[in-house]
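Peer 1: Residue numbers (full-length UniProt numbering): 1 to 622.
Here you go:
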């Protein structure tokens, strides 16, 4: 979900953001979580942009002007190239049918009102029908679901798994479930609209009040459209997706969506059974058993049915938008049901409040959360010259009990592109960030399509602004299009520097997939070297990772200007843990296998002479 500064600042004031908190439930920080035995790598792709070969990029352009990608553009070749990059999961972003400005009335889809749609292509987080997919993505829109089914099959054939979005906190203002399975009623169909709140209402209402369109820039940039009249019929008005209770939302509110009611009363109290103390240590089976026979709000049942519908179609996991705005008891209810059907389901949540991480992992039964507020933000500060890298160790050690659950990324649809001037500035400067992000923990790594070829997000799509690749407009993604090379997916139009960058990502990600040490122990060697190593420049960061069969020393140089030469110290406690005797050992870089140096162990302490170029990283293996 794209958020303006105003929205981000206001989230802490939203009703449910506070209602979802636990009653000081004591977390068992020593509990042992089951972890996979290898790294996972998620490739996020904005589905409608991936296969688009059109390079016009006219602001506010139509499909005819700017083009759009299709499910069918993910060919066997494309999927194999993604897998060979070092990927295990593809997150197909923007698949569920969301509100957009295009006439599909010929196949029974109503037109959406531009007054309550962001952009022309529409936000993927304003879902209009959860039981079907975006018609823009199909060669034959009438058969769009079959085309997506075929994509799931092709993805699995390539040895990859499928993730799609579910957005429980809010839905499009004009939701129309025209493809509901038998017995499934539409959101709001049975609501009592005469009251603000009732447990089994799907929405919150402002009784006896009409919705008013917010004061925004002209929809579609002022283009004429029969539905653009500054009005949208909604009576009574509903609460807006970000929790605004105003009949006329602010222009910075998520005015294209309405908030879903999960049984949180307007005063913030809970109108459903709460998990007993100690359930942070219970299995998903025990969570599932707890909810059997319990009375829960109607919205819980609706979203559980949606998730199980897609699981039955072969979807392997979900990315949950703004999960912390929905109570963790609901996640316990839904996620345990998903895991009963598929124990290996990959469940990833967008949560930004570090105080709530453990609740959503242990009580909400999430597999993974975004490590945005701590590791991502720290890396961004480092490369923008606002911080030294030393604090990375404290962040890592502060999450020791949950580090496997904190997914690492540097690029996604919400954030500024890694290579943009607003972030690292160049793809080259982003390399040390990527090495640290990938190797510092056991958690999955995520990259965003185009990141691996240096996409900087310079386009002005219309509603979307530069530095992010627009999720609201029909646009082409230039660097990615050069790799796509007209559908050959062979990188034929890439510059040499872009080819080299993709080679770097391919080496790093594939190494991570096969490294037992990256699923093992971590110990920083930053402090001892910062305090006592001469010429250990401010941009250097070093740490160790190891397993029974693999020992790694990782050294990165965040400086894009300074070559550093120093004698790296490996303290005695690590030498002892690695069972190294006094002597000389050869350690070889695993990224490019060109650098081999000597680790000298004397009197139980290790030293290695390092020469590292600007923006360079080494993954030395003993």
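Backbone N, C-alpha and C fix where the C-beta goes; we use that ideal spot for every residue, glycine too.
Because the structure is a prediction, the values reported are computed rather than measured.
With DSSP run on the structure shown, which of helix, strand or coil describes residue 580?
Peer 2: To locate residue 580, count along the chain shown from 1; it is residue 580. Note: residue 580 maps to coil in three-state DSSP.
Peer 1: With a threshold of 7 Å on Cβ separation, who are the neighbours of residue 199 within its own chain once the five nearest residues in sequence on each side are excluded?
Peer 2: For this step, residue 199 is matched to residue 199 along the chain shown. Cβ within range, chain order: 263, 271, 297.
Peer 1: When you compare only the Cα positions, how much space is there between residue 78 and residue 568?
Peer 2: In the chain shown, residue 78 corresponds to position 78, counting from 1. In the chain shown, residue 568 corresponds to position 568, counting from 1. Distance between the alpha carbons of residue 78 and residue 568: 42 Å.
Peer 1: Could you check where the alpha helix (DSSP H) with residue 637 kicks off and where it finishes?
Peer 2: The structure shown does not extend to residue 637, since the chain is modelled only from 1 to 622, so the question has no answer here.
Peer 1: Roughly how many angstroms separate the alpha carbons of residue 147 and residue 405, rounded to a whole number?
Peer 2: Position 147 of the chain shown, counted from the first residue, corresponds to residue 147. Position 405 of the chain shown, counted from the first residue, corresponds to residue 405. Using only the alpha carbons, I get a separation of about 33 Å.
Peer 1: Near residue 5, what residues of its chain come up, given a Cβ to Cβ distance below 6 Å and the 5 sequence neighbours on each side ignored?
Peer 2: Stepping through the chain shown from its first residue, residue 5 is reached at position 5. Since pLDDT at residue 5 reaches only 31, below the 50 mark, its modelled position is unreliable, and no value is offered.
Peer 1: Whole angstroms are fine: how far does the CA of residue 242 sit from the CA of residue 284?
Peer 2: What you label residue 284 is simply residue 284 of the chain shown in a count that begins at 1. What you label residue 242 is simply residue 242 of the chain shown in a count that begins at 1. Cα to Cα, residue 284 sits roughly 29 Å from residue 242.
Peer 1: Per DSSP, what are the beta-bridge partners of residue 456 in this structure?
Peer 2: Within the chain shown, the letter at position 456 stands for residue 456. According to DSSP, which records beta bridges pairwise, residue 456 is partnered with nothing at all.
Peer 1: DSSP three-state call for residue 602: helix, strand or coil?
Peer 2: Indexing the chain shown from 1 puts residue 602 at position 602. Correct three-state label for residue 602: strand.
Peer 1: Take residue 487 as the anchor and find which of 621, 50, 308, 287 has the nearest alpha-carbon.
Peer 2: The sequence position of residue 487 within the chain shown is 487, counting from 1. With distances taken between Cα atoms, residue 487 lies closest to 50.
Peer 1: Please work out which residues of its chain come closer than 8 Å, Cβ to Cβ, to residue 161, disregarding the five sequence neighbours upstream and downstream, and give them in chain order.
Peer 2: Position 161 of the chain shown, counted from the start, is the residue given in the question as residue 161. Contacts found: 88, 89, 90, 155, 316, 317, 346.
Peer 1: Rounded to whole angstroms, how far is the Cβ of residue 99 from the Cβ of residue 122, which I believe are closer than 8 Å?
Peer 2: For the purposes of this step, residue 99 is taken as residue 99 along the chain shown, with counting starting at 1. For the purposes of this step, residue 122 is taken as residue 122 along the chain shown, with counting starting at 1. Yes, residue 99 and residue 122 are in contact; Cβ-Cβ is about 5 Å, under 8 Å.
Peer 1: Would you check if there are 3 or more beta carbon pairs closer than 8 Å linking the region 426-441 to the region 390-410?
Peer 2: Flag = yes, the region 426-441 and the region 390-410 touch.
Peer 1: Hey, how far is the Cα of residue 611 from the Cα of residue 566?
Peer 2: Counted from its first residue, the chain shown places residue 611 at position 611. Counted from its first residue, the chain shown places residue 566 at position 566. Rounded to the nearest angstrom, the two C-alpha atoms are 7 Å apart.
Peer 1: Determine the burial state of residue 384: buried for a count of at least 16 other Cβ atoms within 10 Å of its Cβ, exposed for fewer.
Peer 2: To locate residue 384, count along the chain shown from 1; it is residue 384. It is exposed - the Cβ of residue 384 has fewer than 16 other Cβ atoms within 10 Å.
Peer 1: Reducing DSSP to helix, strand and coil, say where residue 162 ends up.
Peer 2: Residue mapping note: residue 162 aligns to position 162 of the chain shown, counting from 1. Residue state, collapsed to three classes: strand.
Peer 1: Buried or exposed: residue 544, going by 16 or more other Cβ atoms within 10 Å of its Cβ?
Peer 2: Translated into the one-based positions of the chain shown, residue 544 becomes position 544. Looking at its Cβ environment, which holds 16 or more other Cβ atoms inside 10 Å, residue 544 is buried.
Peer 1: Taking the alpha-carbon of residue 392 as reference, which of 329, 294, 541, 515 has the nearest alpha-carbon?
Peer 2: If you number the chain shown from 1, residue 392 lands on position 392. The candidate whose alpha carbon is nearest that of residue 392 is 541.
Peer 1: Taking its Cβ as the centre, do 16 or more other Cβ atoms sit within 10 Å of residue 495, making it buried, or is it exposed?
Peer 2: Along the chain shown, one-based indexing puts residue 495 at 495. By the 10 Å Cβ count, residue 495 comes out exposed.
Peer 1: Could you have a look at residue 118 and say whether DSSP puts it in helix, strand or coil?
Peer 2: In the chain shown, residue 118 corresponds to position 118, counting from 1. Coil.
Peer 1: Just tell me which of 237, 238, 213, 240 has its CA closest to the CA of residue 228.
Peer 2: Residue numbering aside, residue 228 sits at position 228 when the chain shown is read from its first letter. Out of 237, 238, 213, 240, 213 has the C-alpha closest to the C-alpha of residue 228.
Peer 1: Closer than 7 Å by C-beta to residue 255: which residues in its own chain qualify, once you throw out the five before and the five after it? Chain order, please.
Peer 2: Taking the chain shown and counting its residues from 1, one reaches residue 255 at position 255. Result list for residue 255: 116, 214, 240, 249, in chain order.
Peer 1: To the nearest angstrom, how far is it from the Cα of residue 502 to the Cα of residue 485?
Peer 2: As a first step, residue 502 must be located in the chain shown, where it is residue number 502. As a first step, residue 485 must be located in the chain shown, where it is residue number 485. Each residue's alpha carbon lies about 15 Å from the other.
Peer 1: Quick one: what's got a C-beta closer than 6 Å to residue 573's C-beta in the same chain, skipping five residues either side?
Peer 2: Within the chain shown, numbered from 1, the residue matching residue 573 stands at position 573. Nothing meets the Cβ criterion.
Peer 1: Based on the DSSP output, what are the partners of residue 546 in its beta bridges?
Peer 2: In the chain shown, the residue the question calls residue 546 occupies position 546. 521, 551, per the DSSP bridge assignment.
Peer 1: In the DSSP assignment, find the unbroken beta strand (DSSP E) run with residue 428 in it and report its ends.
Peer 2: By one-based count along the chain shown, residue 428 stands at place 428. Premise fails: residue 428 is in no beta strand (DSSP E) and is neither H nor E.
Peer 1: For the region 390-423, list the beta strand (DSSP E) runs that are entirely contained and at least 3 residues long, ordered along the chain.
Peer 2: Entirely contained in the region 390-423, the beta strand (DSSP E) runs reaching 3 residues are, in chain order, 406-409.
Peer 1: Specify, as a first and last residue, the run of the alpha helix (DSSP H) that residue 334 falls within.
Peer 2: Walking along the chain shown from the start, residue 334 turns up at place 334. 328-341 is the span of the alpha helix (DSSP H), which, as asked, contains residue 334.
Peer 1: Thinking just about the alpha-carbon of each residue, which of 221, 311, 374 is nearest to the one in residue 340?
Peer 2: The residue you call residue 340 lines up with position 340 of the chain shown. Minimum Cα distance to residue 340 is reached at 311.
Peer 1: Less than 8 Å between the C-beta atoms of residue 450 and residue 475, yes or no?
Peer 2: For the purposes of this step, residue 450 is taken as the residue at position 450 of the chain shown. For the purposes of this step, residue 475 is taken as the residue at position 475 of the chain shown. Going by C-beta atoms, residue 450 is not nearer than 8 Å to residue 475.
Peer 1: Would you report the Cα separation of residue 512 and residue 589, rounded to the nearest angstrom?
Peer 2: Along the chain shown, one-based indexing puts residue 512 at 512. Along the chain shown, one-based indexing puts residue 589 at 589. Answer to the nearest angstrom: the Cα atoms are 13 Å apart.
Peer 1: Going by DSSP, name the residue or residues bridged to residue 567.
Peer 2: By 1-based counting over the chain shown, the position of residue 567 is 567. In DSSP, residue 567 forms a bridge with 609.
Peer 1: Measure the alpha-carbon distance for residue 448 versus residue 44 and round it to whole angstroms.
Peer 2: Your numbering for residue 448 matches position 448 in the chain shown. Your numbering for residue 44 matches position 44 in the chain shown. Residue 448 and residue 44: Cα-Cα distance of roughly 5 Å.
Peer 1: Between residue 52 and the rest of its own chain, which residues show a CB-CB distance below 7 Å, the 5 nearest in sequence each way excluded?
Peer 2: Working through the chain shown from its first residue, we reach residue 52 at position 52. Hits under 7 Å: 67, 68, 69, 476.
Peer 1: Taking a contact to mean a Cβ-Cβ separation below 8 Å, would you say residue 359 touches residue 328 in this structure?
Peer 2: Sequence index remark: in the chain shown, residue 359 carries index 359 (1-based). Sequence index remark: in the chain shown, residue 328 carries index 328 (1-based). Contact: yes.
Peer 1: Given this structure, state the Cα-to-Cα distance separating residue 602 from residue 571, to the nearest angstrom.
Peer 2: The residue you call residue 602 lines up with position 602 of the chain shown. The residue you call residue 571 lines up with position 571 of the chain shown. If I take the Cα positions, the gap works out to 11 Å.
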